[in-house]
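All the letters of the sequence shown, read from the start, carry residue numbers 95 to 586 under this note's numbering.
Virtual Cβ for every residue (Gly too), placed ideally from N, Cα, C.
In this text, all values refer to a predicted model and were calculated from it rather than measured experimentally.
The block underneath contains the structure these notes are about, expressed in structure tokens.
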Amino acid sequence: MTVEFHDTPKIMTQLHSRLRTFAAGGILALLSATWLTAAQPAAAAPRPPNIVFIIADDLGYGDLGCYGQQRIKTPNIDRLAAQGMRFTQFYAGAPVCAPSRNALMTGQHAGHLTIRGNAKVDLRKEEVTVAQVLQRAGYATGLMGKWGLGREGSTAAPRRKGLDAFFGYVDQSMAHNYYPGFLIRNEETVPLRNVVPNPGPYGQGVATVKLDYSADLIADEAVKFVRENHQRPFCLFFTPTLPHANNEAGDDGMEVPDYGPYAKENWPSSAKGLAAMITRLDTQVGRLMAELKTLGLEENTLVIFTSDNGPHQEGGNNPQFFASAGPLRGIKRDLYEGGIRVPLIVSFPGRVKAATVSNQTGFLGDFMATLAEFAHASPPAGLDGISLVPTLTGRAAEQKQHEFFYWEFYEGKSAQAVRMGRWKAIRSPMHTGTIELYDLESDVGEKNDLAARHPEIVAQAGDAMKRAHVPSPDWKVVEAPVPATSPATAPQ
95 MTVEFHDTPK IMTQLHSRLR TFAAGGILAL LSATWLTAAQ PAAAAPRPPN IVFIIADDLG
155 YGDLGCYGQQ RIKTPNIDRL AAQGMRFTQF YAGAPVCAPS RNALMTGQHA GHLTIRGNAK
215 VDLRKEEVTV AQVLQRAGYA TGLMGKWGLG REGSTAAPRR KGLDAFFGYV DQSMAHNYYP
275 GFLIRNEETV PLRNVVPNPG PYGQGVATVK LDYSADLIAD EAVKFVRENH QRPFCLFFTP
335 TLPHANNEAG DDGMEVPDYG PYAKENWPSS AKGLAAMITR LDTQVGRLMA ELKTLGLEEN
395 TLVIFTSDNG PHQEGGNNPQ FFASAGPLRG IKRDLYEGGI RVPLIVSFPG RVKAATVSNQ
455 TGFLGDFMAT LAEFAHASPP AGLDGISLVP TLTGRAAEQK QHEFFYWEFY EGKSAQAVRM
515 GRWKAIRSPM HTGTIELYDL ESDVGEKNDL AARHPEIVAQ AGDAMKRAHV PSPDWKVVEA
575 PVPATSPATA PQ
């Protein structure tokens, strides 16, 4: 069939007109959509999580109910563990306070730290702390408690290392005394009503008039910091001195206002004091969690709880009384597991699965990378630590692993240790001593030295020790024990 178009020019003219109209309308529609899109405000980026990092002082692996403790009450910390992830193979940065906190703040292991013991050494001016990383990412940052990484007036004082707010002890020696004559707020001295006769050069001593308990004042400031900064992302480092002893008080060093629920127990006074300190710390953790709930911040706050090293044997305390190290060998100042393996609990509703237990290994230096990743911030290059975010967020298959962990310690005879998978090696004195070897999978108490059976593993461990250690002019190996009165080795 043939179709004839008798008026083709007219039809073509109408068709061209309609096409022009359609095209113009399409362009107008496109321009209109583009203008409307541009006129709409961009979707706000999700607020990065708040961070509350709690690090206890000399709290042992076995001191919490969720880690097997039967006699000391820790309901709030146990509840935190039920809400999040509890680690069974997490390590401090060192067996004493200052270097362990140095590892946390800078993401380095003991062989690279500026501060490798409890001496008066400051972080270097050029060292970047995790507080500075978060501060630069827009976080309000605060530390309430013990600093110990730089003296007042130095370039390593708290406010010069990324902390917007600080309250507590700048010097770790002064932090022994729970009834000091003063504390520091930012860079100002805050007098207290306590009377400390003949204080030491750093303010340490034993009060004869005890009115203001420092641990309670520090907890108040921690809650206040959260309340005052809740409308923006914040990071609080809550670093109480509980349950450290007042070393200057001798056998009466477990300073606490009262024994609380343990007052009527038939225990030594030092045991009552330790238990009361730990339960007081637990109550303070409960206060912080309650404040987050009141402010509606629970769902967007990452909470970490850990300790800086193993349990102490100071102030009259006997760490065996409560089995404070759990099944582990050693205590504070040891490189056996009891000196460096510590509790770690991480809670973050919706991101960290509740009631989970992880055997992922890690150490305090991993939190530079971990916190930076959660905060969408950029950590400095050259870290020894790695991010634990994959483990925490249920992507364990993606978790990067350490080749080995490394520790060194300079007090007494000195020692160094590495962990490589299941193997743990210890050498004392450093560099020259005989290496001991333990299989932690079958012998977590480090009772059976297997070095003679596995010379190839011993050789690998010695190589790792050599590679990990970088000499420091501030830290020299002393072959013989140094008197306890030396400022570099006095108990801290």
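Cβ-based burial, residue i [other Cβ within 10 Å; buried from 16]
| i | result |
| --- | --- |
| Gln-177 | buried |
| Asn-212 | buried |
| Pro-140 | exposed |
| Lys-366 | buried |
| Asp-568 | exposed |
| Arg-210 | buried |
| Lys-219 | exposed |
| Leu-414 | For the record, residue 414 in the displayed sequence is Gln; it is not Leu. Looking at its Cβ environment, which holds fewer than 16 other Cβ atoms inside 10 Å, Gln-414 is exposed. |
| Gln-266 | buried |
| Glu-315 | buried |
| Glu-392 | buried |
| Gln-164 | exposed |
| Asn-412 | exposed |
| Val-512 | buried |
Residue i versus residue j - alpha carbon distance
| i | j | result |
| --- | --- | --- |
| His-525 | Pro-274 | 40 angstroms |
| Pro-523 | Leu-217 | 26 angstroms |
| Ile-529 | Met-514 | 14 angstroms |
| Tyr-430 | Gly-390 | 42 angstroms |
| Gln-495 | Ala-553 | 21 angstroms |
| Gly-409 | Ile-372 | 15 angstroms |
| Leu-125 | Ile-148 | Unreliable positioning characterises Leu-125 in this predicted model, as indicated by a pLDDT of 36, which lies under 50. The coordinate reading is nonetheless provided below. Taking the straight line from one Cα to the other gives about 54 angstroms. |
| Glu-342 | Cys-160 | 32 angstroms |
| His-110 | Asn-394 | Confidence at His-110 is low in this model, with a pLDDT of 47, below 50, so the placement of that residue should be treated as unreliable; the coordinate-derived value is given next. Answer to the nearest angstrom: the Cα atoms are 60 angstroms apart. |
| Leu-237 | Cys-329 | 9 angstroms |
| Asp-152 | Thr-182 | 17 angstroms |
| Gly-232 | Val-264 | 25 angstroms |
| Gly-201 | Phe-184 | 15 angstroms |
| Lys-570 | Tyr-504 | 8 angstroms |
| Ser-566 | Asp-352 | 44 angstroms |
| Gln-493 | Ala-463 | 13 angstroms |
| Ala-469 | Ala-309 | 29 angstroms |
| Trp-501 | Leu-277 | 32 angstroms |
| Ile-145 | Val-397 | 6 angstroms |
| His-324 | Pro-142 | 12 angstroms |
| Pro-474 | Pro-252 | 19 angstroms |
| Arg-326 | Phe-319 | 12 angstroms |
| Asp-157 | Ala-259 | 30 angstroms |
| Gly-205 | Ala-150 | 23 angstroms |
| Asn-250 | Asn-196 | Inspection of the sequence shows that residue 250 is occupied by Ala rather than by Asn. For Ala-250 and Asn-196, the distance between alpha carbons rounds to 11 angstroms. |
| Val-290 | Lys-304 | 9 angstroms |
| Lys-214 | Met-383 | 35 angstroms |
| Ser-363 | Ser-194 | 29 angstroms |
| Thr-235 | Gly-294 | 31 angstroms |
| Ile-551 | Arg-254 | 44 angstroms |
| Leu-375 | Arg-547 | 45 angstroms |
| Val-572 | Glu-497 | 29 angstroms |
Among the options, the one whose alpha carbon lies nearest that of residue i
| i | options | result |
| --- | --- | --- |
| Gln-407 | Ser-418, Ser-401, Val-397, Ile-398 | Ser-418 |
| Ala-490 | Val-512, Asn-453, Lys-518 | Asn-453 |
| Gly-244 | Tyr-233, Gly-236, Thr-208 | Thr-208 |
| Asn-77 | Ser-401, Tyr-500, Pro-337 | An answer regarding residue 77 cannot be provided, because it is not within the stretch 95 to 586 covered by the chain. |
| Ala-357 | Met-462, Ile-166, Gly-556 | Ile-166 |
| Arg-435 | Ser-441, Phe-498, Phe-319, Ile-425 | Ile-425 |
| Val-222 | Gly-205, Leu-257, Glu-246, Arg-321 | Leu-257 |
| Lys-507 | Glu-359, Glu-497, Ile-171, Gly-527 | Gly-527 |
| Gly-299 | Asn-340, Pro-189, Ser-481 | Asn-340 |
| Arg-423 | Val-440, Asn-411, Pro-405 | Pro-405 |
| Phe-399 | Leu-198, Arg-516, Asp-345, Phe-319 | Leu-198 |
| Arg-445 | Phe-461, Gly-433, Pro-484, Val-451 | Pro-484 |
| Phe-633 | Gly-344, Asp-172, Phe-499, Phe-332 | There is simply no residue 633 to check, as the chain begins at 95 and stops at 586 in what is shown. |
Rounded Cβ spacing between residue i and residue j (contact assumed at less than 8 angstroms)
| i | j | result |
| --- | --- | --- |
| Gly-187 | Leu-458 | 4 angstroms |
| Gly-354 | Ala-370 | 5 angstroms |
| Leu-228 | Leu-465 | 7 angstroms |
| Pro-421 | Gly-539 | 6 angstroms |
| Ala-301 | Asn-288 | 4 angstroms |
| Tyr-296 | Met-268 | 5 angstroms |
| Leu-531 | Val-379 | That pair is no contact at about 38 angstroms. |
| Lys-518 | Leu-534 | 5 angstroms |
| Ile-312 | Pro-334 | 6 angstroms |
| Asp-60 | His-203 | Limits of the chain in this structure are 95 at one end and 586 at the other, which puts residue 60 out of reach. |
| Arg-427 | Val-224 | 26 angstroms between Cβ atoms; not a contact. |
| Gly-242 | Ala-192 | 5 angstroms |
| Gly-476 | Lys-447 | The pair is not a contact, with the Cβ atoms about 32 angstroms apart (cut-off 8 angstroms). |
is_contact[residue i, chain B] using C-beta, thresh 7 angstroms
| i | result |
| --- | --- |
| Met-383 | The structure shown contains no chain B; it is built from a single protein chain. |
**Message:** Quick check for students: name the residue ranges of the beta strand (DSSP E) that lie wholly in the region 462 to 522, counting only runs of 3 or more.
**Reply:** The region 462 to 522 contains, as complete beta strand (DSSP E) runs of 3+ residues, the segments 499 to 503, 509 to 514, 517 to 522 (chain order).
4 or more residues per run - each alpha helix (DSSP H) lying fully within the region 148 to 183: Listed in chain order, they are 169 to 177.
What are the start and end residues of each continuous beta strand (DSSP E) run of 3 or more residues lying completely inside the region 366 to 415, in chain order? Counting only runs of at least 3 residues, the region 366 to 415 fully encloses the following beta strand (DSSP E) elements, listed from N- to C-terminal order: 395 to 401.
**Asked** Hey, which unbroken runs of the alpha helix (DSSP H) at 4 residues or more fall wholly within the region 298 to 335?
**Response** Correct list: 308 to 322.
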